[in-house]
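*Asks:* Handing you a structure now.
Protein chains: 2
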Amino acid sequence: MSGDKANILLVGSGGVGTIASVGLEMSGKASVTSVLRSDYDRVKERGFEIQSIDYGNFESWRPTHVEKSVQEAMDKHGPFDYILVATKVLPEIQPTEKLIQPAVTPRKSVIVLIQNGIGIEEPVANAFPENIILSGVSMVSAHNYGGKVVEHEPDELIIGYFDSPGFEKDQLLQTAREFVALYSAAGADCVLTEELNFTRWRKLVYNSTINTTCALTRVDAGRSFHSGMEQQLVVPAMREIIAIAKSEGITIPESAITDMVESDDGVYATPSMQVDVEKGNPMELEVILGNPLRTARKNGVPTPILSVVYELLKAVQFSLMERRGHIKLPKNGPTRSAGDVPYYKQ
Amino acid sequence: MSGDKANILLVGSGGVGTIASVGLEMSGKASVTSVLRSDYDRVKERGFEIQSIDYGNFESWRPTHVEKSVQEAMDKHGPFDYILVATKVLPEIQPTEKLIQPAVTPRKSVIVLIQNGIGIEEPVANAFPENIILSGVSMVSAHNYGGKVVEHEPDELIIGYFDSPGFEKDQLLQTAREFVALYSAAGADCVLTEELNFTRWRKLVYNSTINTTCALTRVDAGRSFHSGMEQQLVVPAMREIIAIAKSEGITIPESAITDMVESDDGVYATPSMQVDVEKGNPMELEVILGNPLRTARKNGVPTPILSVVYELLKAVQFSLMERRGHIKLPKNGPTRSAGDVPYYKQ
């Protein structure tokens, strides 16, 4: 702690991360350093405009510090008690463990991953075996529209701990409790669970199926229903996710299917991966679909629908990465007859 | 025949149809009436601009007649010896048999379908049991860029006859020979085959797989290769098509797979269905993928990849049809919890 306050580094200032930083600062118990890239100049100059149903509205709000990189944040304001990671998970482009590496103080920094998907903790735990990893599923609906952050649905956060081999369960639990108390102090609905995997897999019932098929077809969830895709493809795909979860000892009730499809009732909802594709941004494909399918293969669970959806989305992801400059292709098309091998194998 | 010339109605003046009409007119043995919709005023006024590697270049070329509708064409210039249909096949929007119905003279008009896919002849033969149906697969590469028609690859047409129950085989064969002679007269490479189904199924090895997956992902064939999709998904899907063909007694050699993928060597090719999706136009989904899959189901052939691709593309097609005004959705999203049923079931 620096003074009485927890010293927090926030990496990832989209809607979820920014609303978290507002709540943490308002508690009076934390001081937040945000790492900003594209938003840096604007926020330094004018702050964020905030419309929060939990914390109120602000014309110009700033966390205690903003910095341009994790390294600068560490140099000027470290060491940190907590490193809160609220970025999209894009292991192909920016693995979390590399992103936060400069700021991780062994035996001190608690790393809190508030991110989508499954299998996100292992690479971070492997890179930092002396640090406690907390893992959170956020239910908030909040978006950062170019510096204006709007919170549409209340800030609910479910926190669990990752079972790192170097730590006693009591210590992990105590650390998770402390973070939950801190996060709740300004009024957010933050709860501790010892069944975070259940929460993550249950969320995948939506994200691995509705989110992926909408991204691929660029057809929103309401039109997925009307066209018949929801019934013909999405619901059977949800059963594949439930079967994979079961093979890991996690029982998702069948009612989750109804809950998920009805969560879009009354609107033509565009899920996050579809938003990404339409904006030309890489999707969180590996943690939302790739990792569940690797679990399925490991456990011998058949996934006839999702495996095809995944292969198709990998091509889309490839193309999105190319468009963002992460992949550079030769000028002329491939010459299979001359023995070219696919790019991804090189 | 009207005078010495065959009286031909052309329905569908994209690249394939227009180049066919140029060749037929240049033979001196045919007089063509073209039905034009969006191009009518421009062609009436200025003609087509033609760049043809078979027939030469023309700044302003017109068929003998142009009319705005099939009915007007029939009223002014019918009856027709041949009705040449070179439209996209979109049974959901415009079934061929309804489109040409006003111009079909029983026992006289020979209907020539120069179109993609399989299963295109049956609905036409059922609607016009007294007319001979010829069926053609065009290998030409020609495009109509808003009145400027460019032929990139030579005009090759493979013609067969549909085995209509009301006709003797000799009569069908003789009719096909006459059309081939007419079409070849100006120099096009038009050949008769008694194995048109082989040609159609072989072409599906490309169209049902490369064309469909590129359309779905909006990733071109070169990038499909580089991303790994070609190897992981497209080639196995080609084996599904070959298996369906086999269940119909048609043996496509395994070498067709190599031929098809190598046909895009050296370029980043954008197949026709991908062009359609990117332009917001409905795709020839049912004759390119729906009909082969119905054959697979009838014959008990498993199609794990293509069935998923089809369900996804049906949602895309739904959305394209909505965008073109063929489907009107309610303003608010569907309410599954209130017992809404998918649109396609209504």
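One line per chain: the protein sequences are A and B, in this order. Sequential numbering from 1 applies to the first sequence in UniProt numbering. Sequential numbering from 1 applies to the second sequence in UniProt numbering. Don't be surprised by glycine CBs; every beta carbon is placed ideally from N, CA and C.
Taking a cut of 9 Å between CB atoms, which residues from the UniProt domain "Ketopantoate reductase N-terminal" (8-163) of chain B lie near chain A?
*Replies:* Cβ contacts with chain A come from no residue of the UniProt domain "Ketopantoate reductase N-terminal" (8-163) of chain B.
*Asks:* Using a Cβ cut-off of 7 Å, pull out every chain B residue sitting near Gly222(A), in sequence order please.
*Replies:* Those are Gly333, Pro334, listed as they occur along chain B.
*Asks:* Under 8 Å, with one C-beta from each stretch per pair, do the stretch 271-280 of chain B and the stretch 77-86 of chain B reach the 3-pair mark?
*Replies:* The stretch 271-280 of chain B vs the stretch 77-86 of chain B: no contact.
*Asks:* Who pairs with Gln231(A) in a beta bridge, going by DSSP?
*Replies:* Per DSSP, none; premise fails for Gln231(A).
*Asks:* For Lys203(A), count neighbouring Cβ atoms within 10 angstroms of its own Cβ and tell me buried if that reaches 16, exposed if not.
*Replies:* Under this definition Lys203(A) is a buried residue.
*Asks:* So, helix, strand or coil for His326(B), using DSSP?
*Replies:* Of the three classes helix, strand and coil, the one that applies to His326(B) here is coil, per DSSP.
*Asks:* Sort Tyr343(A), Thr212(A), Glu178(A) by Cα distance to Tyr310(A) and report the nearest one.
*Replies:* Checked all of Tyr343(A), Thr212(A), Glu178(A); the closest Cα to Tyr310(A) is Thr212(A).
*Asks:* Using the Cα positions of Gly280(B) and Glu168(A), report the straight-line distance between them to the nearest angstrom.
*Replies:* Straight-line Cα distance between these residues: approximately 58 Å.
*Asks:* Suppose the cutoff is 7 Å on Cβ atoms and the five residues either side in sequence are ignored; what does the same chain contact list for Asn144(B) look like?
*Replies:* Answer for Asn144(B): Ser13, Gly14, Gly15, Thr18, listed in chain order.
*Asks:* Threshold first: 4 residues or longer. Then list the alpha helix (DSSP H) segments lying entirely within the UniProt domain "Ketopantoate reductase N-terminal" (8-163) of chain B, N to C.
*Replies:* Counting only runs of 4 or more, we get 15-26, 40-46, 70-77, 96-100, 121-127.
*Asks:* When you compare the CB positions of Lys68(B) and Leu36(B), do they come within less than 8 Å of one another, or not?
*Replies:* Against a cut-off of 8 Å, the Cβ pair of Leu36(B) and Lys68(B) comes out as a contact.
*Asks:* If distances are taken between C-alpha atoms only, which option among Glu130(A), Val150(A), Leu134(A), Ile133(A) comes closest to Ser141(A)?
*Replies:* Ranking the options by Cα distance to Ser141(A), first place goes to Val150(A).
*Asks:* What residues are listed by DSSP as bridge partners for Asp189(A)?
*Replies:* Answer by DSSP bridge pairing, in chain order: Glu156(A).
*Asks:* Drop a sphere of 10 angstroms on the beta-carbon of Gln94(B), count the other beta-carbons inside from all chains shown, and report buried for 16 or more, exposed for fewer.
*Replies:* It is exposed - the Cβ of Gln94(B) has fewer than 16 other Cβ atoms within 10 Å.
*Asks:* Using a Cβ-Cβ cut-off of less than 9 Å, give me the residues of the stretch 177-207 of chain B that come near chain A, in sequence order.
*Replies:* Correct list: empty, as no residue qualifies.
*Asks:* Output, in chain order, the set of chain A residues within a Cβ distance shorter than 7 Å of Glu254(B).
*Replies:* Correct list: empty, because the minimum Cβ distance to chain A is about 15 Å.
*Asks:* Does DSSP put Lys5(A) in a helix, in a strand, or in coil?
*Replies:* Note: Lys5(A) maps to strand in three-state DSSP.
*Asks:* Please report the distance separating the alpha-carbon of Leu9(B) from that of Val104(B).
*Replies:* If I take the Cα positions, the gap works out to 10 Å.
*Asks:* Output the distance between the C-alpha atoms of Gly160(A) and Ala185(A), rounded to the nearest integer angstrom.
*Replies:* Cα to Cα, the separation comes out at about 18 Å.
*Asks:* Nearest by alpha-carbon distance to Ser208(B): which of Thr87(B), Leu313(B), Ala181(B), Asp54(B) is it?
*Replies:* For Ser208(B), the nearest C-alpha among the options comes from Leu313(B).
*Asks:* Can you have a look at Met1(A) and say buried or exposed, based on whether 16 or more other CB atoms are within 10 angstroms of its CB?
*Replies:* Residue confidence for Met1(A) is low, a pLDDT of 49 falling below 50, so the modelled location carries little weight and cannot support an answer.
*Asks:* Compare the C-beta of Phe167(B) with all C-beta atoms of chain A and state if any pair is closer than 8 Å.
*Replies:* Not one chain A Cβ lies under 8 Å of Phe167(B).
*Asks:* Quick check on DSSP: helix, strand or coil for Met260(A)?
*Replies:* In the structure shown, Met260(A) sits in a helix (DSSP, three-state: H, G or I).
*Asks:* How about Gly222(A) and Pro334(B): are their beta carbons less than 8 Å apart?
*Replies:* Against a cut-off of 8 Å, the Cβ pair of Pro334(B) and Gly222(A) comes out as a contact.
*Asks:* Are the beta-carbon atoms of Met74(B) and Pro102(B) separated by less than 8 Å?
*Replies:* Contact: yes.
*Asks:* Which residues in the same chain as Pro91(A) place their Cβ atom closer than 8 Å to its Cβ, once the five residues preceding and following it in sequence are excluded?
*Replies:* Here the set comprises Pro123, Glu286, Val287.
*Asks:* Measure from the alpha carbon of Leu233(A) to the alpha carbon of each residue in Val22(A), Leu306(A), Leu289(A), then state which is nearest.
*Replies:* Of Val22(A), Leu306(A), Leu289(A), the residue nearest in Cα terms is Leu306(A).
*Asks:* Given a limit of 8 Å on CB to CB distance, which residues of the stretch 262-295 of chain A reach chain B?
*Replies:* Answer set for the stretch 262-295 of chain A: Glu262, Asp264, Asp265, Gly266, Val267, Tyr268, Ala269.
*Asks:* DSSP state of Asn332(B), grouped into three classes?
*Replies:* Three-state DSSP puts Asn332(B) in coil, outside helix and strand.
*Asks:* Less than 8 Å between the CB atoms is what I'm expecting for Asp54(B) and Gly23(B), so what's the real figure, rounded?
*Replies:* Yes, they are in contact, since the Cβ atoms of Asp54(B) and Gly23(B) sit about 7 Å apart, within 8 Å.
*Asks:* Is the shortest distance between the beta-carbon of Met1(A) and the beta-carbons of chain B less than 8 Å?
*Replies:* With a pLDDT of 49 at Met1(A), under the threshold of 50, the predicted position of this residue should be treated as unreliable, though the coordinate-derived value follows. Judged by the 8 Å Cβ criterion, Met1(A) is not in contact with chain B.
*Asks:* Nearest to His65(B) by CA position, among Tyr40(B), Leu134(B), Ile50(B), is which residue?
*Replies:* Of Tyr40(B), Leu134(B), Ile50(B), the residue nearest in Cα terms is Tyr40(B).
*Asks:* In the structure shown, what three-state DSSP assignment does Asp265(A) receive?
*Replies:* Looking at Asp265(A) - three-state DSSP - the assignment turns out to be coil, as it is neither helix nor strand.
*Asks:* Under 8 Å, Cβ to Cβ, is there at least one residue of chain A near Ala315(B)?
*Replies:* With 8 Å as the cut-off, Ala315(B) counts as an interface residue toward chain A.
*Asks:* Which residue wins for smallest C-alpha separation from Ile118(B), given the options Ile327(B), Glu59(B), Phe162(B)?
*Replies:* The candidate whose alpha carbon is nearest that of Ile118(B) is Phe162(B).
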